[in-house]
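By the count of the working numbering, the sequence shown reaches residue 1584 at its end, each step adding exactly one.
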Amino acid sequence: MPDTVRPNSLDAFWMPFTPNRQFKADPRMIVRAEGMHYYTPEGRAIIDGTSGLWCCAAGHARPRIVAAIQKAAAELDYATSFNLGHPLAFEFANRLAGILPEGMDRIAFTNSGSESVDTALKIALAYQRARGKAGKFRLIGRERGYHGVNFGGTSVGGITRNRMMFGPLVGGVDHLPHTLDIARNAFSRGQPQHGAKFADALERLVQLHDASTIAAVIVEPVAGATGVIMPPKGYLQRLRELCTRHDILLIFDEVITGFGRLGAPFAAHRFEVQPDIISMAKAITNAAVPMGAVAASRKIYDTILEASDTPIEFFHGYTGSGHPLACAAGIATLDTYREEGLFERAAELEPYWEDALHSLRDASHVIDIRNLGLIGGIELEPRSGAPTQRALDVHRACFDAGVLVRTTGDIIALSPPLIIEKAQIDHIVGTIREALATVA
Ligand SMILES: Cc1ncc(COP(=O)(O)O)c(C=O)c1O
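Here's what the structure looks like:
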C-alpha cells in the first residue's frame, strides 16, 4: 500500500466543496450527532446552526427515523422501482402528495438535490415535446442560482466558479438577473421591498428568444448556496404571471426551502405561488438517508403518459429511485415533523430569530443581514485582497467556540434545525458576535 493511503490518513478522500489542502492541514472532525448537537472525537459538543447542510430539519439522530431505517434495512434492503414495486415507495409518494401544494401529486424519486433538478428539467422538456411543442427547449435559470452540480443544474445555475471549468455545458440556457440589491435593501427584515421588477427581465428574454423556444424557468424561491438572497416582495408572483402569460413552465427548486424551513411545508405555500414542478431533497428524509424527489402537476404527468407511443412513457430514473431505506426514513421524518409541529414551530420562532439576527447590525464587518423563516444570512465586508477568508475565519472561530455556521463567499449562512430553542438562538448569535470581534 503506498504510504499516502495509510489507514487514518486524510489523503484519499477528495472532499467536496472544501479547501482540501487547508482542511487536511488543520482538520475539524465530528463523530456523533444528537438533537441540536454534533460531537467531536474529544466529546466536545458543537451546536448545529446549519442543520448539517440545510437538511437535518428535525435535528440529529431522531429515534423514530433511526428505528424506521433499521427496520427497513432488515426487512427489504433494496428493490428496484424499474417495473417492480414495493409498498414503502407508494406510501411515501402518497404522503408527500398530502403536504405538497394542491394538484402537485405526481412524485418521481431521486437520490439528491442535483438529480432532482436534472429530473425536473427533463420532465419540463418531455412535457413540451409531449404536447407538440418540441420547439420549446430553452431553460432559463438565474445569476447566482444554485441547482446542484450535475450538468443540467450547473447549466441553469449562476455561480461562476461552479460553471467555468466545465466547458459549454447544456445548450439553450439563459439567465435572469439575480435579485440581491444591498444598496436599496440592506438590513431588510424578511422580504425586501425593492426588486419585484427583476422578474421583468423574463420579458426581455422572451423578446430575445421568443416564447415559442422557452420550456421552463427554474429558480430557488430563496437562493441559499450563493449566500442567502430573499425574493423581493412581489417578485415570485410576477415571475408566475409572466410564465403563465408566455406559456412557460415555472420550476421551484425547493431543495432548501421545502419541509418547513420557511414556516410552511413549501415555499410555494409561504409565497402563495403555485409552480408547475417542484424539486426537493435534503430534509425530505431529515438527510438520514440521501434522497430527492420531484413533484409535477397531474397535467404534466398525464400529458407525458398519454402522448407516449411506447410502453415506458418517460425514459429516466435511478437505481436508487424510491430506495426502501430512504422511503422508510422519509415516512418517519414526515411523522416527526407533524407530531412535533415543526413547520408551525419555525413560523412561531421567526420573529425571535429575526430580532436576534438583526441585533448583529452593529457587529464588526457586517454590511447586510437577511432573514426569512429560519434562514439567516450575514454578509461581511470582504477582507481586502483576500475575499472569502474573513468568513472562513469566522467559521473557524465559531467552531472552536462550539458553534457550527456555514460560510459561502463572505456570507455567514444560518439554517438551524427547527427544534432550536430561543436560548440556543441567543447562544449562536452571541458566539458569532464574539467571533466577528476577534477576526481581522
Ligand atoms: C437549491 C438547491 N438545489 C440543488 C441542490 C443540490 O443538492 P445535492 O447537494 O443534494 O445534490 C442544493 C444543495 O444545496 C440546493 O441548495
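Note that the Cβ used here is the ideal one computed from N, Cα and C, for glycine as well.
Predicted model, so just to flag it, every value in this text is computed and none were measured.
As assigned by DSSP and simplified to three states, the class of Y1496: The count along the sequence shown starts at 1 and reaches residue 1496 at position 352. Y1496: helix per DSSP, three-state reduction.
Start and end residues, beta strand (DSSP E) containing A1189: Residue mapping note: residue 1189 aligns to position 45 of the sequence shown, counting from 1. Element bounds for A1189: A1189 to D1192.
Cβ-based neighbour list, F1410, same chain, cut-off 6 angstroms, excluding 5 preceding and 5 following: Position 266 of the sequence shown, counting from 1, holds the residue named residue 1410. Excluding residues within five positions, the ones whose Cβ falls inside 6 angstroms are E1398 and G1402.
Strand pairing of E1178, partner residues [DSSP]: Position 34 of the sequence shown, counted from the first residue, corresponds to residue 1178. Bridge partners of E1178: H1181.
The region 1507 to 1524 in contact with the region 1438 to 1445 per 3-pair CB rule at 8 angstroms: no
Uninterrupted alpha helix (DSSP H) stretches inside the region 1297 to 1383 (no shorter than 4 residues): 1304 to 1307, 1326 to 1329 and 1345 to 1353
Three-state class that DSSP yields for G1242 in the structure shown: Residue 1242 sits at position 98 when you count from the first residue of the sequence shown. Helix.
Extent of the continuous alpha helix (DSSP H) run through N1294: Start at 1 with the first residue of the sequence shown, and residue 1294 comes out as number 150. From DSSP, N1294 is part of no alpha helix (DSSP H); its letter is neither H nor E.
Pair within 7 angstroms by beta-carbon distance, R1273 and H1322: Counted from its first residue, the sequence shown places residue 1273 at position 129. Counted from its first residue, the sequence shown places residue 1322 at position 178. Contact: no.
Entirely enclosed alpha helix (DSSP H) segments - the region 1240 to 1286, minimum 4 residues: 1257 to 1274
For G1436, the residue or residues it bridges with in DSSP: By 1-based counting over the sequence shown, the position of residue 1436 is 292. According to DSSP, which records beta bridges pairwise, G1436 is partnered with T1254.
Meets three-Cβ-pair contact criterion under 8 angstroms: the region 1323 to 1337 and the region 1482 to 1489: no
Check whether A1369 and D1512 have beta carbons under 7 angstroms apart: For the purposes of this step, residue 1369 is taken as the residue at position 225 of the sequence shown. For the purposes of this step, residue 1512 is taken as the residue at position 368 of the sequence shown. No, Cβ-Cβ distance for A1369 and D1512 is not below 7 angstroms.
Own chain, CB closer than 6 angstroms to G1316, minus 5 neighbours either side, in chain order: For this step, residue 1316 is matched to residue 172 along the sequence shown. If we look at G1316 and ignore the five residues flanking it on each side, its Cβ neighbours are F1281 and R1282.
Closest Cα partner of L1449 within the set R1250, N1164, E1246 and I1243: Looking up residue 1449 in the sequence shown gives position 305. Nearest C-alpha to L1449: R1250.
Secondary structure of D1512, DSSP reduced to three states: As a working mapping, residue 1512 is identified with position 368 in the sequence shown. Note: D1512 maps to strand in three-state DSSP.
Residue span of the beta strand (DSSP E) that contains A1557, given as start and end: Taking the first residue of the sequence shown as 1, we reach residue 1557 at position 413. Its beta strand (DSSP E) spans residues I1555 to L1558.
8 angstroms contact criterion, which L1220 and P1468 should meet: CB distance rounded: If you number the sequence shown from 1, residue 1220 lands on position 76. If you number the sequence shown from 1, residue 1468 lands on position 324. 5 angstroms between Cβ atoms; contact.
Contact set for T1575: own chain, Cβ-Cβ below 8 angstroms, skip 5 residues either direction: Position 431 of the sequence shown, counted from the first residue, corresponds to residue 1575. Once the five neighbours on either side are set aside, the close Cβ partners of T1575 are C1542, A1545, G1546 and V1547.
E1347 to I1243 span [Cα, whole Å]: Here residue 1347 is taken as the residue at index 203 of the sequence shown, counted from 1. Here residue 1243 is taken as the residue at index 99 of the sequence shown, counted from 1. Approximately 33 angstroms, taken between the alpha carbons.
Limits of the unbroken beta strand (DSSP E) element including R1591: The requested residue 1591 does not occur in the structure, where the chain is confined to residues 1145 to 1584.
Paired residues, beta bridge with H1204 - DSSP: The residue you call residue 1204 lines up with position 60 of the sequence shown. The partner list for H1204 (beta bridge, DSSP) reads G1179.
Range covered by the alpha helix (DSSP H) that runs through I1444: To locate residue 1444, count along the sequence shown from 1; it is residue 300. Run containing I1444: R1442 to A1451, per the alpha helix (DSSP H) assignment.
C-beta atoms of A1343 and R1382 nearer than 7 angstroms: The count along the sequence shown starts at 1 and reaches residue 1343 at position 199. The count along the sequence shown starts at 1 and reaches residue 1382 at position 238. Yes. Within cutoff.
Neighbour-count burial assignment, P1375, 16 or more Cβ in a 10 Å radius: One-based indexing of the sequence shown puts residue 1375 at position 231. Answer is buried; the Cβ neighbour count reaches 16.
Bridge partners - R1527, DSSP secondary structure assignment: In the sequence shown, counting from the first residue as 1, residue 1527 sits at position 383. A1530, per the DSSP bridge assignment.
C-beta contact flag for I1358 and I1392 at 7 angstroms: Position 214 of the sequence shown, counting from 1, holds the residue named residue 1358. Position 248 of the sequence shown, counting from 1, holds the residue named residue 1392. For I1358 and I1392, yes; Cβs fall inside 7 angstroms.
Distance between beta carbons of A1440 and M1248, contact taken as under 8 angstroms: In the sequence shown, residue 1248 corresponds to position 104, counting from 1. In the sequence shown, residue 1440 corresponds to position 296, counting from 1. Contact flag correct, Cβ pair sits at about 7 angstroms.
Buried versus exposed, by CB contacts within 10 Å (16 or more), K1426: Against the sequence shown, residue 1426 aligns to sequence position 282. Buried is the call here.
Member of N1515, E1492, R1514 and A1584 whose CA lies at the smallest distance from the CA of T1532: What you label residue 1532 is simply residue 388 of the sequence shown in a count that begins at 1. Nearest option by C-alpha distance: A1584.
Y1182, buried or exposed, once every other Cβ within 10 Å from all chains shown has been counted against 16: Looking up residue 1182 in the sequence shown gives position 38. Counting Cβ neighbours within 10 Å, Y1182 comes out buried, since at least 16 surround it.
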